[in-house]
Structures are given as C-alpha cells and as structure tokens.
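Residue 6 in numbering that gives the first Met the number 0 sits at position 7 of the sequence shown, with consecutive numbering throughout. From the three backbone atoms N, C-alpha and C, an ideal C-beta is built for every residue, glycine too.
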Amino acid sequence: MANLSVKDVPEELAERLRQQAARNHRSLQGELMAILEQAIYAPAPTPMPRPGVVSIGWSGHPVLRRGGKPIEQIAAEHRVRFPQPIHGGPDAVDIIRAERDAR
C-alpha cells in the first residue's frame with residue numbers, strides 16, 4: 000500500500016480532525032482513510048449545465064440560455080407575476096426616436 004503525507008496542516012484543522020475521529024471511535028489514521036474513501040467513492044454531484052450563448056443582445060453582451068422552459072410556460076409565469084397591463088409607460092416609438100435623435 001502507498002503511504003501519503005500531508006504537511007503543514009493548520010493546528011485548528013488537525014484538532015478538529017482528532018475530535019471527529021474520537022466522535023466516530025476511530026484513530027486519526029482511520030478517520031482520514033474514511034474521509035478519503037468517502038471523497039473518492041461518493042457519486043460526483045451532477046454539474047450544472049453550462050449556459051450556452053444564444054445570441055448577442057442589444058447591449059453587446061451575450062444572451063445566455065440557462066434553462067429549457069417553453070415560451071408558453073414563460074408567458075404563463077409572466078401573466079401570473081403581472082396580471083394587469085402596464086399603463087402610462089413610454090411607447091417604443093418614443094424610446095427609439097429619442098435614441099436616434101441623441102446620435
């Protein structure tokens with residue numbers, strides 16, 4: 000069997016390992032072996048899928064796709080969050096005209 004050595008273990012960490020070993024009725028060596036086995040043989044957590052770049056937004060930043068909700072579900076959630084239409088906001092035409100005139 001191989002021998003492993005861990006150097007420069009902070010005293011606080013070593014003491015906590017000793018206490019954990021005592022709670023589990025193990026030697027320090029046995030506790031470290033149990034921790035290693037658990038780390039190696041435990042199933043790896045499922046990684047979150049990386050978001051994919053769908054397009055580039057109007058601000059020049061990438062638009063990322065993180066989930067897979069259909070548009071119908073998104074619309075239904077939006078209607079629940081905002082049951083009443085917004086009145087009194089600026090018209091898109093006015094926003095575009097102001098942006099164009101600012102150039």
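With DSSP as the reference, please indicate the residues paired to residue 8 in a beta bridge.
-> Looking at the DSSP assignment, residue 8 forms no beta bridge with any residue, so it has no partner.
Opening and closing residue of the alpha helix (DSSP H) in which residue 35 lies | 27-40
What number of angstroms, rounded off, separates the C-alpha of residue 99 from the C-alpha of residue 86?
-> 24 Å
Apart from the five residues just before and just after residue 41, which ones in its own chain have a Cβ nearer than 7 Å to its Cβ?
-> Closer than 7 Å at Cβ, skipping near neighbours: no residue.
Under the three-state reduction of DSSP, which class applies to residue 55: helix, strand or coil?
-> strand
Sufficient close CB pairs (3 or more, under 8 Å) joining the region 26-45 to the region 53-69 = no
Which residue's Cα is closest to the Cα of residue 2: 8, 21, 28?
-> 28
Would you mind reading off the limits of the beta strand (DSSP E) that contains residue 64?
-> Its beta strand (DSSP E) spans residues 61-64.
Cβ separation of residue 64 and residue 50, assumed to be a contact under 8 Å, to the nearest whole Å | 6 Å
Give every residue of the same chain whose Cβ lies closer than 6 Å to the Cβ of residue 15, excluding the five residues on either side of it in the sequence, and list them in chain order.
-> Taken in chain order, the list of residues that qualify is empty.
Taking all protein chains shown into account, do 16 or more other C-beta atoms lie within 10 angstroms of the C-beta of residue 76, making it buried, or fewer, making it exposed?
-> exposed
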